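**Student:**
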Amino acid sequence: MFIQFFDTLREKGIHVTLGEWLDLQEALDKGLCGGTLTGFYYLARMILVKSETDYDKYDMAFEECFKAVEHETEVGAQMLRWLDKSDMMELAHEEARDHLNRTEDLMIDKDDVEEKFKQRLKDQDSEHNGGSFWIGTMGKTSFGNMGGNVGGVRVGGQTGYQSAFSVIGARKYRDFRDDRVMDNRQFQLAFRRLRQFSSRLDIPESELDIEGTVDKTCNNGGYLRIQMKKPRKNAVKLLLLMDSGGTMIPYSSLLNDLFQAVNKSNHYKDVKAYYFHNCIYSHVYKTPECENGDWVETTWMFRNVDSDYKVIIVGDAAMAPEELYSDTGNYRGPNGGLSGYEWLQQMKRHYKKIVWLNPKMAPGRAPWREAETACKEMFPMYKLTVDGLNRAMMELMAPKR
Amino acid sequence: MAKEFQGTKDYVASEQLLASVNIAMALQKPLLIKGEPGTGKTQLAQAVADSLGKELIIWNIKSTTKAQDGLYMYDTIQRLYDGQFGVEGVDDIARYIKLGKLGEAFESEEQVILLIDEIDKADLEFPNDLLWELDQMEFYIHETHRTVKAKHRPIVIITSNAEKELPDAFLRRCIFHYIDFPDRELMEQIVRVHYPDVEAHLLQEAMDVFYAIRNIHDIRKKPSTSELIDWVNALQIGGIPTEQIKKELPFIGVVVKKDEDLEIVRHGGLN
Chain A
1 MFIQFFDTLR EKGIHVTLGE WLDLQEALDK GLCGGTLTGF YYLARMILVK SETDYDKYDM
61 AFEECFKAVE HETEVGAQML RWLDKSDMME LAHEEARDHL NRTEDLMIDK DDVEEKFKQR
121 LKDQDSEHNG GSFWIGTMGK TSFGNMGGNV GGVRVGGQTG YQSAFSVIGA RKYRDFRDDR
181 VMDNRQFQLA FRRLRQFSSR LDIPESELDI EGTVDKTCNN GGYLRIQMKK PRKNAVKLLL
241 LMDSGGTMIP YSSLLNDLFQ AVNKSNHYKD VKAYYFHNCI YSHVYKTPEC ENGDWVETTW
301 MFRNVDSDYK VIIVGDAAMA PEELYSDTGN YRGPNGGLSG YEWLQQMKRH YKKIVWLNPK
361 MAPGRAPWRE AETACKEMFP MYKLTVDGLN RAMMELMAPK R
Chain B
402 MAKEFQGTKD YVASEQLLAS VNIAMALQKP LLIKGEPGTG KTQLAQAVAD SLGKELIIWN
462 IKSTTKAQDG LYMYDTIQRL YDGQFGVEGV DDIARYIKLG KLGEAFESEE QVILLIDEID
522 KADLEFPNDL LWELDQMEFY IHETHRTVKA KHRPIVIITS NAEKELPDAF LRRCIFHYID
582 FPDRELMEQI VRVHYPDVEA HLLQEAMDVF YAIRNIHDIR KKPSTSELID WVNALQIGGI
642 PTEQIKKELP FIGVVVKKDE DLEIVRHGGL N
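See the structure below:
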């Protein structure tokens, strides 16, 4: 029976290894779960799940295996489109939490919850954005003692509900990581510019300077005198934010080149890459597919990817005006109460150095491309060509004005 | 299991956290603790040590820390100096081998608690460099051809602020626990551990403000538990009438540390 749990976990995207699984068996042999379902829930989570962002997936798998709940996908396409909205995500969230709670109480009739869920879906005859009934109902659950909610609080923010709903119908984009062999040497050379200026670093002198030591020792009449120096190391940290929206598809091979170039230039101290869809809102995605749930909060990014990172935004800045200026402009995910424009402003405030690379930039101020002009005003924008990349890299390395 | 960790009177832990400590001990695996700053990750090790009556060895990780630093250091420079001045025993390399924190924990005559604090501060490769040592609880000193093996397997607690992603190979070997930010109920207990006779009404008001600030979207640095505790203390010492707390936000600088955040809080962010 447990092997099914193993399979389900892997299905949900938690890469449980055999070693971890055996550890769980050992723990069970030792009776560490205390013979309760709750005990087992926490025990297995501790051993199998290694990131709080995966807690939600774990909850799903757990629910599926131990209550044998099947999420039927008999909902129509229209419903799916509603479900893509955040408030509906919360509804789904809430239902699942509810369900899990009662699972714990072991008093629940599975059909009852399913019935209720279906009923509510049926009752809702229109798209429900910003309705007060759905939002805010997600109270704290009382699973476990001492106010621990089941995977409730996540520092990465409320990770979305990775249910079948949010995955089905999501458009699959080509993965930029696709390992194709290609000649992107020119791009790589451009990225090398980010190293050129990085010798004057604020790092401790931790390497023995052999020549200096010999010199000083000789000057010291043969008595040893140590000379240390700074290690030659590139301290440039790079944050890559890539647009993965529909209008970017024609450029996917260009973006692929760019991504490969960054990946191959392994001389950076750190490289982080996130993706967005059309514009940056409250969440940035971890993969180019931009699936809801597989993301981190943009504010989390601000906290964890500090302001010293040099930021390269790659995108065509072809948002519709409302996608940029409206605080409900994000049509496929949460807005976080701010418009795309305001999120971009926050980016600008947080990071010291940002450049925008645009594969189809219009020359000068293009009045017919309002969003692009607005982005140009915020960030130095360059066309995504070898030349543009070179100039962008120089801008990134230039001292702050 | 010889002893179980039950929490101490100074440290309020959730049941899941207690369980995770005990499970990590039973399975003899390192316990990896993550959580927001100020959720008491570091204090946990101290509490475990107190509760089990064991010695605590703290290895503080900095951005320049290398895995080798925790094992041992061969002080070549001291040896060179000594050689120059003809100090006795220069030919004995072992004299110049200094054990790091991990080595200390291995060599200890009794089982100890080893806290590897803020492991994510170090280089990306750092955790991988420790895999063997934490697995086998031994390492080899090349200079003296000696293997240092743990006499008693230390209880290893590792904390992380999620600044960097940790490598998978490392994560696989750990027991993981994420400390949720305390809810009001737990928070009240925590504050009362520090100030048992804080006035109930004052605490409620302070917590209202505290959680409201945490909920403000724009805030750059969310205040943490320790800041609330300091604030409650300041309010008590200052003798501030309870009804002023929400209106005037006295000593708010204790809670909110960044200028921009102060602006936001002062200018109606709390509504």
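Residue numbers (our numbering), protein chains in the order written: chain A, 1 to 401; chain B, 402 to 672. All C-beta atoms in this analysis are idealised placements derived from N, C-alpha and C, irrespective of residue type, glycine included. Being a predicted model, the structure only gives us computed values, none of them experimental.
(1) Hey, Trp518 (chain B) and Ile458 (chain B) are a contact pair by Cβ (cut 8 Å); roughly how many whole angstroms apart?
(2) Skipping 5 residues on each side, what residues in its chain have a beta carbon closer than 7 Å to that of Gln388 (chain B)?
(3) Taking just the CA atoms, how far does Ile498 (chain B) sit from Gly31 (chain A)?
(4) Per DSSP, Phe540 (chain B) forms a beta bridge with which residues?
(5) Listed in chain order, which residues of the region 33-52 of chain A have Cβ atoms closer than 7 Å to some Cβ of chain B?
(6) Taking 8 Å as the threshold (C-beta atoms), are Thr443 (chain B) and Thr560 (chain B) in contact?
(7) Is the shortest distance between the beta-carbon of Glu127 (chain A) and the beta-carbons of chain B less than 8 Å?
(8) Is Leu369 (chain B) near Leu472 (chain B), with beta carbons less than 8 Å apart?
(9) Measuring alpha carbon to alpha carbon, tell me which residue in B:Val413, B:Ser421, B:Asp483, B:Lys435 is nearest Tyr223 (chain A).
(10) Determine which residues share a DSSP beta bridge with Gly436 (chain B) and list them.
(11) Taking C-beta pairs closer than 8 Å, name the residues in chain A that His578 (chain B) reaches, listed in chain order.
(12) Mind checking which residues open and close the beta strand (DSSP E) that includes Thr560 (chain B)?
(13) Apart from the five residues on each side of it in sequence, which residues of its chain come closer than 6 Å, Cβ to Cβ, to Ala77 (chain A)?
(14) On the criterion of 16 or more Cβ atoms from any shown chain inside 10 Å, does Leu208 (chain A) qualify as buried, or is it exposed?
(15) I want to see whether chain A comes within less than 8 Å of Lys435 (chain B), judged by CB atoms only; does it?
(16) For Thr548 (chain B), count the other beta carbons within 10 Å of its own beta carbon; 16 or more makes it buried, fewer makes it exposed. Which is it?
(17) At a Cβ threshold of 8 Å, is Thr443 (chain B) touching chain A?
(18) Look at Tyr351 (chain A) and Tyr309 (chain A) and say whether their C-beta atoms are less than 8 Å apart.
(19) Name the chain B residues that come within less than 9 Å of Ala61 (chain A), Cβ to Cβ?
(20) For Leu389 (chain A), is the classification buried or exposed, using 16 other Cβ atoms within 10 angstroms of its Cβ as the cut-off for buried?
(21) Could you say if the region 322-339 of chain A and the region 247-258 of chain A meet the contact criterion of at least three C-beta pairs nearer than 8 Å?
(22) What residues from chain B crowd round Asp23 (chain A), counting only those whose CB sits closer than 8 Å?
(23) Chain A beta carbons: is any one of them nearer than 8 Å to that of Tyr596 (chain B)?
(24) Please give me, in chain order, every unbroken run of the alpha helix (DSSP H) with length at least 4 that falls completely inside the region 259-326 of chain A.
(25) Any Cβ of chain B within less than 8 Å of the Cβ of Lys30 (chain A)?
(26) What does the alpha-carbon distance come out to for the pair Glu205 (chain A) and Ile478 (chain B)?
(27) Give the residues of chain C in contact with Thr17 (chain A), contact being defined as C-beta atoms less than 8 Å apart.
(28) If we call anything under 8 Å between Cβ atoms a contact, is Val417 (chain A) one with Asp215 (chain A)?
(29) Using C-beta distances below 6 Å, list every residue in its chain close to Ala273 (chain A), excluding the 5 sequence neighbours before and after it, in chain order.
(30) Which residues bound the alpha helix (DSSP H) around Trp343 (chain A)?
(31) Which residues in chain A sit within 7 Å of Ala420 (chain B), going by Cβ to Cβ distance?
(32) Mind listing the chain B neighbours of Glu26 (chain A)? Cutoff is C-beta to C-beta under 7 Å, in chain order.
(33) For Val657 (chain B), name the three-state secondary structure that DSSP assigns.
(34) What three-state label does DSSP hand Met228 (chain A) in the structure shown?
(35) Since Leu224 (chain A) meets chain B, which of its residues come closer than 7 Å, beta carbon to beta carbon?
(36) Using three-state DSSP, classify Glu207 (chain A) as helix, strand or coil.
**Tutor:** Per the coordinate set shown:
(1) Residue identity differs from the one stated: residue 518 (chain B) is Asp in this sequence, not Trp. Wrong, their Cβ atoms sit about 11 Å apart, outside the cutoff.
(2) Nothing can be reported for residue 388 (chain B): it is not among the residues displayed for chain B, which extend from 402 to 672.
(3) 43 Å
(4) B:Val549
(5) Tyr42, Leu43, Met46, Ile47, Val49, Lys50, Glu52
(6) yes
(7) Bear in mind that a pLDDT of 44 at Glu127 (chain A), under 50, signals an unreliable position, so the number given afterwards is only what the model happens to contain. No - not a single Cβ of chain B is within 8 Å of the one on Glu127 (chain A).
(8) Because chain B is modelled from 402 through 672, residue 369 (chain B) falls outside the range shown and cannot be assessed.
(9) B:Asp483
(10) B:Ile580
(11) Met46
(12) 556-561
(13) With a pLDDT of 40 at Ala77 (chain A), under the threshold of 50, the modelled position of this residue cannot be trusted, and the question is left open.
(14) exposed
(15) yes
(16) exposed
(17) no
(18) yes
(19) By Cβ distance, chain B contributes nothing, its closest Cβ being about 16 Å from Ala61 (chain A), past 9 Å.
(20) buried
(21) no
(22) Leu428, Lys430
(23) no
(24) 298-304, 321-325
(25) yes
(26) 15 Å
(27) Given the protein chain composition of this structure (A and B), no chain C is represented.
(28) Because chain A is modelled from 1 through 401, residue 417 (chain A) falls outside the range shown and cannot be assessed.
(29) Leu240
(30) 340-350
(31) Tyr42
(32) Leu428
(33) coil
(34) strand
(35) Leu481, Tyr482, Gln485
(36) strand
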